[in-house]
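What follows is a set of notes on a single structure, which appears directly below.
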């Protein structure tokens, strides 16, 4: 087992905790150090047992078991993904090796295992340290470069709420070691993972053809829910890998981070998404475990805090801008005397913490020069 990604990422990006966990709250040490193994054990057991039971349900020939299994599969995948996030921050176990080991299990369950864990962790910690988002390439440039039939297909699928861009990014991560030189040392690893997961899904399809359809539907629901939540949590500047980064302040981070809760009134509903919606609180104390985020949020912010964004508005924006955001970026949030104006909050796409964003050396994109002419460049 390699060292914990904190040590590796600190050398690469600096210490991501240096200004996040001091004086954020009167008792920051409580949130940083508390580890409730009973709560975490129960939640992890639900993910692992629930996932297995969901597979059992979808192979049956009773519609109500199929429905139960599909819902349960979707939800356990969501929790598995958010537990990856908890493991990256070291919020579950005191021993870093256990966080690394369980994170890799969750990455495998979610189909996000084609990036090395240390790269996934480093990329996400850089998001916190630099108060910015990162992309391996410009999505508008990619859509401008891709053949027109491919672009039309992507647009049609996205219009129908099929997360084509997210699937594309996942396949880029899986196949990049074979298509370029940047990750050639991962070819054997990714080849074995593709063979293993491909064999498991082939076996499931042979045993129960309808089960593979239900699994795919649940997986689409899982991706859509995750990217809806990711879509509206920041208005950070998105940098291409390798660009120089400005030094953003804590005030900048707070003003460009949003808490998209399922419900502010009934806080228990937010557990459905492992409290990931308490995003401002998470960014203030990133070592705070998921089950303490509501308490931390209540201590940090009043109930009328401007950075709470409403679910109905976000659902409307997610629908309205589902094609626009592919080509024109994440839009703006305007701070007014009456609160935040979200009318032009388009949202981000493809910013998941589940895969790394290493340079893609085999992908060539056309980009517009200052005079409007097209040039071809490597990512």
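In the UniProt record's numbering, the protein residues as written are 1 to 379. For every residue, glycine included, the Cβ atom is placed at its ideal position computed from N, Cα and C.
Three-state secondary structure (DSSP) at residue 271? helix
Three-way DSSP call (helix, strand, coil) for residue 240 in this model: strand
Pull up the distance between the alpha-carbon of residue 283 and that of residue 153, whole angstroms please. 37 angstroms
C-alpha gap between residue 313 and residue 342, whole angstroms: 7 angstroms
Would you please state the rounded distance, in angstroms, between the beta carbons of residue 79 and residue 274? I believe it to be under 8 angstroms. 6 angstroms
Out of curiosity, what's the CA-to-CA distance linking residue 391 and residue 203? Residue 391 is absent from the model: the chain starts at 1 and stops at 379.
So residue 135 is in the beta strand (DSSP E); what residue range does that whole segment cover? 133 to 135
Got a sec, what are the start and stop residues for the beta strand (DSSP E) residue 339 sits in? 339 to 341
From the DSSP secondary-structure annotation, give me the bridge partner or partners of residue 100. Paired residue(s): none; residue 100 is not in a bridge.
Tell me which same chain residues have a C-beta within less than 8 angstroms of the C-beta of residue 133, skipping the five on either side of it? 127, 234, 236, 237, 238, 239, 348, 351
Give a yes or no on contact between the segment 317 to 334 and the segment 294 to 308, applying the rule of three or more CB pairs nearer than 8 angstroms. no
Do you know whose CA, among 321, 124, 144, 64, lies nearest residue 228's CA? 321
Could you check how far apart the C-beta atoms of residue 110 and residue 77 are, in whole angstroms? I think they sit under 8 angstroms. 6 angstroms
Please give the ranges of any alpha helix (DSSP H) in the segment 100 to 185, keeping only runs that are unbroken, at least 4 residues long and fully inside the region. 117 to 130, 139 to 145, 148 to 159, 164 to 179
Please name the residue, chosen from 169, 119, 124, that lies closest to residue 142 on a Cα-to-Cα basis. 169
Just the Cα atoms here: how many angstroms apart are residue 364 and residue 165? 17 angstroms
To test your reading of the DSSP string, which unbroken beta strand (DSSP E) runs of 3 or more residues are found completely within the segment 200 to 249? 238 to 240
Residue 346 (DSSP reduced to helix, strand or coil): coil
Inter-residue spacing [alpha-carbon to alpha-carbon] between residue 194 and residue 186: 12 angstroms
In the DSSP output, what is residue 334 paired with across the bridge? 341
First and last residue of the alpha helix (DSSP H) that includes residue 49? 37 to 58
When you compare only the Cα positions, how much space is there between residue 297 and residue 278? 7 angstroms
Need the endpoints of the alpha helix (DSSP H) that residue 83 sits in, please. 63 to 88
So what does residue 259 bridge to, in DSSP terms? 308
So, under 8 angstroms CB-CB, residue 163 and residue 224 are touching, yes? Tell me the CB distance rounded to an integer number of Å. 6 angstroms
Looking at residue 190 and residue 82, is the spacing between their C-beta atoms short of 8 angstroms? no
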